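Below is one structure, written out as structure tokens; comments come after it.
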Amino acid sequence: MSEPLLKVEGLRVHFPVRGGLLGGEIAVVKAVDGFDLEIGVGETVALVGESGCGKSTAGNAILGLTRASAGKIFFEGVDLLGLPPAERARRRREMQVIFQDPVSALNPKLSIATSIGEPLAIAGIASAERRARVGDLLDIVGLGAAQGGRHPNELSGGQRQRVVIARALATSPKLIVCDEPVSALDVSIRSQILNLLMRLQREFGFSYLFISHDLSVVRHIADRVAVMYLGTIVEDGPAERVFADPRHPYTQALIAAIPLPDPRAQRSRPDVPLDGELPSPLDPPKGCPFVTRCRLAEDRCRVRRPELTATGAGTRVACFLRAPSRGTVP
Amino acid sequence: MPADPTPRPVLAVADLVVEIGGRAVVDGVSLEVKPGEVVALVGESGSGKSLTALSVIGLLPKAARAAGGRALLDGEDLLAKSEAELRAMRGRRLAMIFQEPIASLNPLVSVGDQVAESLIVHGEASPAEARRRAVEMLRRVGIPEPERRARQLPIELSGGMCQRVMIASALVSGPRLLIADEPTTALDVTIQAQILRLMKELRRERDTAVLVITHDMGVVADIADRVSVMYAGRIVETAPVFDLFERPSHPYTRLLLSTIPRLDGTRKADLRTVEGTVPDLAHWPAGCRFRTRCPIADAGCAAVPAMVAVGPEHTSACRRLDRLEEIG
Chain A
0 MSEPLLKVEG
10 LRVHFPVRGG
20 LLGGEIAVVK
30 AVDGFDLEIG
40 VGETVALVGE
50 SGCGKSTAGN
60 AILGLTRASA
70 GKIFFEGVDL
80 LGLPPAERAR
90 RRREMQVIFQ
100 DPVSALNPKL
110 SIATSIGEPL
120 AIAGIASAER
130 RARVGDLLDI
140 VGLGAAQGGR
150 HPNELSGGQR
160 QRVVIARALA
170 TSPKLIVCDE
180 PVSALDVSIR
190 SQILNLLMRL
200 QREFGFSYLF
210 ISHDLSVVRH
220 IADRVAVMYL
230 GTIVEDGPAE
240 RVFADPRHPY
250 TQALIAAIPL
260 PDPRAQRSRP
270 DVPLDGELPS
280 PLDPPKGCPF
290 VTRCRLAEDR
300 CRVRRPELTA
310 TGAGTRVACF
320 LRAPSRGTVP
Chain B
3 MPADPTPRPV
13 LAVADLVVEI
23 GGRAVVDGVS
33 LEVKPGEVVA
43 LVGESGSGKS
53 LTALSVIGLL
63 PKAARAAGGR
73 ALLDGEDLLA
83 KSEAELRAMR
93 GRRLAMIFQE
103 PIASLNPLVS
113 VGDQVAESLI
123 VHGEASPAEA
133 RRRAVEMLRR
143 VGIPEPERRA
153 RQLPIELSGG
163 MCQRVMIASA
173 LVSGPRLLIA
183 DEPTTALDVT
193 IQAQILRLMK
203 ELRRERDTAV
213 LVITHDMGVV
223 ADIADRVSVM
233 YAGRIVETAP
243 VFDLFERPSH
253 PYTRLLLSTI
263 PRLDGTRKAD
273 LRTVEGTVPD
283 LAHWPAGCRF
293 RTRCPIADAG
303 CAAVPAMVAV
313 GPEHTSACRR
323 LDRLEEIG
């Protein structure tokens with residue numbers, strides 16, 4: 000395999016919790032705690048897991064929106080965290096982000112053309128060239144150049160998300176982080192936006208880091224998937240393999256919990272109940288992070304943390320026991 | 003397990019009209035829920051599904067008013083009740099759970115007291131007895147260490163646990179009808195699975211009638227016996243759950259089901275789309291309101307379509323059933 004576009008090694012994002020009389024550090028939230036990820040050129044890698052697992056924090060650390068406490072983030076072979084700030088900011092212009100909520104992502108006072116042109120203005124592109132580029136971008140995302148004078152409140156949720164996508168494309172990024180890009184949209188609009196995201200990637204060849212809790216969407220759009228639990232990756236591999244034959248007990252429970260939109264199939268599936276609660280990241284379990292909810296856990300799982308290990312089927316699993324195959328979904 | 007079709011419905015909504023500023027945002031909705039039956043009301047934002055539910059329980063926002071029709075709970079018209087009468091019924095005979103448990107719980111009252119409250123308010127139990135039953139109900143909905151948890155405030159509990167607390171307080175008096183408005187939308191899938199399992203157990207054990215409002219076809223496939231699909235203020239199709247998924251008989255239902263990425267679908271392929279966007283209230287077309295996005299609509303669709311029977315208990319408001327197959 001050629002050099003990956005993005006390679007993250009040992010990423011940690013720890014937030015100090017201050018308190019007490021003197022406001023000193025009394026605890027540390029380990030939101031991301033030892034995280035490795037690779038994204039190839041033109042590839043879509045999905046990061047999945049439940050709320051609080053650290054997937055958005057990991058995405059933000061890669062984008063530089065949150066400070067990494069430790070680790071390396073190689074972008075085209077260069078460790079961003081080792082660069083001087085100005086150079087790092089310049090490199091990061093090649094990464095863009097699409098958030099869940101297109102309403103708060105756009106300034107309501109600006110026309111959508113101005114919003115889309117903003118990153119170009121920051122990059123010092125002259126206004127005539129900018130106007131032409133914004134027109135192209137509006138066409139590319141299916142809104143049409145003539146719509147540029149409209150304001151966000153005149154647009155539907157799906158149209159606003161198209162504006163956000165156009166803005167992300169403005170500087171021709173190599174990596175786009177999509178954080179729950181369709182979760183806030185109506186069901187009938189989601190497939191339009193997913194198709195647009197897939198088409199743009201085919202046309203321009205950039206990579207996606209696709210953060211989502213919606214596993215049906217992830218299975219559809221991702222080449223590879225990484226499953227996060229309590230700040231670390233517990234299973235990763237080609238999306239097809241991970242979904243067809245999940246081997247970490249958490250991945251199995253997660254996939255089994257998605258209700259299938261087919262009543263006969265859904266009602267004949269075996270239950271893989273996952274009881275209990277996500278442990279507090281302030282006080283994570285020793286050993287395997289999943290040990291408190293795992294139906295297979297043994298003594299050694301309570302003592303030592305399992306490393307991600309190849310399964311032989313092209314996936315990697317951080318589990319000493321590797322749950323037996325449950326066969327193909329559904 | 004579909005409910006016995008013979009018993010009288012617990013809830014019978016007929017020709018319900020809800021207006022906001024003189025416009026009918028819910029426009030002639032009819033549906034029934036029988037004892038022990040789960041009926042799903044499916045639709046996108048602005049379809050009127052939540053306003054339908056809120057008018058049944060008498061909690062419409064100030065700007066909206068029920069302007070026509072009936073909503074009978076065991077034969078009594080809820081729309082004709084005074085606020086005081088409705089308050090006396092809420093909790094005891096009908097209860098509702100909402101999407102945001104945190105917003106619906108009182109942050110300053112222990113969760114045990116909140117669950118016990120409806121028993122005390124309605125004089126069904128002494129405070130001590132009510133607290134005992136509240137702890138029992140918390141255990142029933144899967145809250146670990148319920149005695150200890152009962153003394154905690156909502157903020158000390160996770161979102162999934164708060165949702166279970168809300169369900170416990172909705173069910174503690176054994177209501178005849180439970181209305182659940184997007185009960186799992188804000189929750190993670192593993193917690194959602196727990197809540198859905200719980201709702202299925204409770205309706206089986208207590209014969210509670212459940213009206214669940216959702217946009218998630220997976221949730222519908224998991225728990226509903228019958229389904230009504232709403233679009234722009236009207237029900238466009240009603241069917242038993244298996245029929246709805248196997249023989250969707252309204253173009254909107256058909257398209258909606260085909261746009262969803264499936265766990266067994268072809269990866270990376272273009273997904274089916276519904277063209278255009280959900281029209282806002284001011285732009286609802288005359289006649290069939292889906293016709294502006296419908297691939298098989300013709301000039302005749304400018305007239306309001308009648309609900310026609312397409313199978314046992316299966317109705318559709320489409321006059322081009324002959325061309326349905328063209329949608330695929």
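Each protein sequence line maps, in turn, to chains A and B.
The first sequence begins at 0 in this note's numbering and counts up by one.
The second sequence begins at 3 in this note's numbering and counts up by one.
Where is the CB? At the ideal position from N, CA and C, for every residue including glycine.
All of these numbers come straight from a predicted model, not from anything done at the bench.
Inter-residue CB distance, residue i and residue j (contact presumed, cutoff 8 Å)
i	j	result
Val167 (chain B)	Val113 (chain B)	5 Å
Leu10 (chain A)	Ala57 (chain A)	6 Å
Val27 (chain B)	Leu18 (chain B)	Between Leu18 (chain B) and Val27 (chain B) the Cβ distance is about 11 Å, and since that is not below 8 Å, they are no contact.
Pro148 (chain B)	Val137 (chain B)	5 Å
Pro260 (chain A)	Gly330 (chain B)	Actually they do not touch by this definition, with Cβ atoms about 17 Å apart.
Val238 (chain B)	His252 (chain B)	5 Å
Thr275 (chain B)	Ser190 (chain A)	5 Å
Test: residue i CB closer than 8 Å to a CB of chain B
i	result
His247 (chain A)	no
Val140 (chain A)	no
Ser267 (chain A)	no
Met197 (chain A)	yes
Val7 (chain A)	no
Asn152 (chain A)	no
Pro260 (chain A)	yes
His13 (chain A)	no
Ala296 (chain A)	no
Ala225 (chain A)	no
Pro329 (chain A)	Here the model assigns Pro329 (chain A) a pLDDT of 42, short of 50, so the residue's position is not dependable and the matter cannot be decided.
Val186 (chain A)	yes
Gln146 (chain A)	no
Ile175 (chain A)	no
Phe242 (chain A)	yes
Ser55 (chain A)	no
Val216 (chain A)	yes
Glu49 (chain A)	yes
Min CB distance residue i to chain A below 8 Å
i	result
Ile262 (chain B)	yes
Gln101 (chain B)	no
Arg274 (chain B)	yes
Glu87 (chain B)	no
Thr54 (chain B)	no
Asp79 (chain B)	no
Per-residue DSSP class, three states only, for residue i
i	result
Met139 (chain B)	helix
Met163 (chain B)	helix
Asp224 (chain B)	helix
Glu365 (chain A)	With chain A covering only 0 through 329, there is no way to say anything about residue 365 (chain A).
Thr291 (chain A)	helix
Gln160 (chain A)	helix
Glu147 (chain B)	coil
Thr153 (chain A)	Note on identity: in this sequence residue 153 (chain A) is Glu, with Thr being the wrong assignment. Residue state, collapsed to three classes: helix.
Thr327 (chain A)	Residue confidence for Thr327 (chain A) is low, a pLDDT of 46 falling below 50, so the modelled location carries little weight and cannot support an answer.
Arg87 (chain A)	helix
Lys51 (chain B)	helix
Asp213 (chain A)	coil
Gln95 (chain A)	strand
His285 (chain B)	helix
Ile262 (chain B)	coil
Neighbour-count burial assignment, residue i, 16 or more Cβ in a 10 Å radius
i	result
Val277 (chain B)	The residue you asked about is not Val; residue 277 (chain B) is Glu in the sequence shown. It is exposed - the Cβ of Glu277 (chain B) has fewer than 16 other Cβ atoms within 10 Å.
Arg268 (chain A)	exposed
Lys108 (chain A)	exposed
Ser84 (chain B)	exposed
Glu184 (chain B)	buried
Glu34 (chain B)	buried
Ala226 (chain B)	buried
Asp185 (chain A)	buried
Gly50 (chain B)	buried
His285 (chain B)	exposed
Thr250 (chain A)	buried
Pick from the options that is closest to residue i, judged by C-alpha positions
i	options	result
Arg206 (chain B)	B:Arg256, B:Ile99, B:Val20 and B:Gly38	B:Gly38
Leu80 (chain A)	A:Ala104, A:Ala131 and A:Val12	A:Val12
Glu158 (chain B)	A:Arg87, A:His247 and A:Ser279	A:Ser279
Phe242 (chain A)	A:Asp213, A:Pro83, A:Arg198 and A:Cys52	A:Asp213
Gly30 (chain B)	B:Val15, B:Thr186 and B:Ile197	B:Val15
Val163 (chain A)	A:Asn106, A:Ala120 and A:Ala127	A:Asn106
Leu64 (chain A)	A:Gln95, A:Val44 and A:Gly70	A:Gln95
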